[in-house]
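Residue numbers (our numbering): 226 to 324.
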């Protein structure tokens with residue numbers, strides 16, 4: 226079964242704000258791969274992001290955060306950004322504040 230990919234307005238804005246177009250292309254391609262078996266990709270998150278999953282992209286630097294809506298056959302991408310552990314600009318920190 227193939228899932229439909231949807232990006233939230235925030236995720237789309239985050240993707241568009243990445244200056245390096247090559248990184249944008251790689252991230253878009255990685256997001257597209259979530260159509261097939263999204264539950265087998267990435268890792269489940271914990272804490273405030275417990276219902277979300279994260280997959281790595283662009284040489285492990287970026288994270289794509291998504292939620293699987295099985296009943297709708299949809300993968301909802303909620304954020305795309307750099308992993309900067311301990312930094313307030315870290316993708317996980319940003320999304321915990323918004324979700």
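Here a beta-carbon is modelled for each residue, glycine too, at the ideal position from N, C-alpha and C.
Selection 230, 247, 275, 287 evaluated against residue 260 yields 230 as nearest (Cα-Cα).
In this structure, 252 is the residue among 234, 226, 252 with its C-alpha nearest to the C-alpha of residue 286. Judged by DSSP in its simplified three-state form, residue 300 adopts strand. Separation of the CB atoms of residue 265 and residue 279 is rounded to 14 Å, and the pair is thereby denied contact status at 8 Å. Shortest Cα-Cα distance from residue 228 to any of 242, 315, 257 involves 257.
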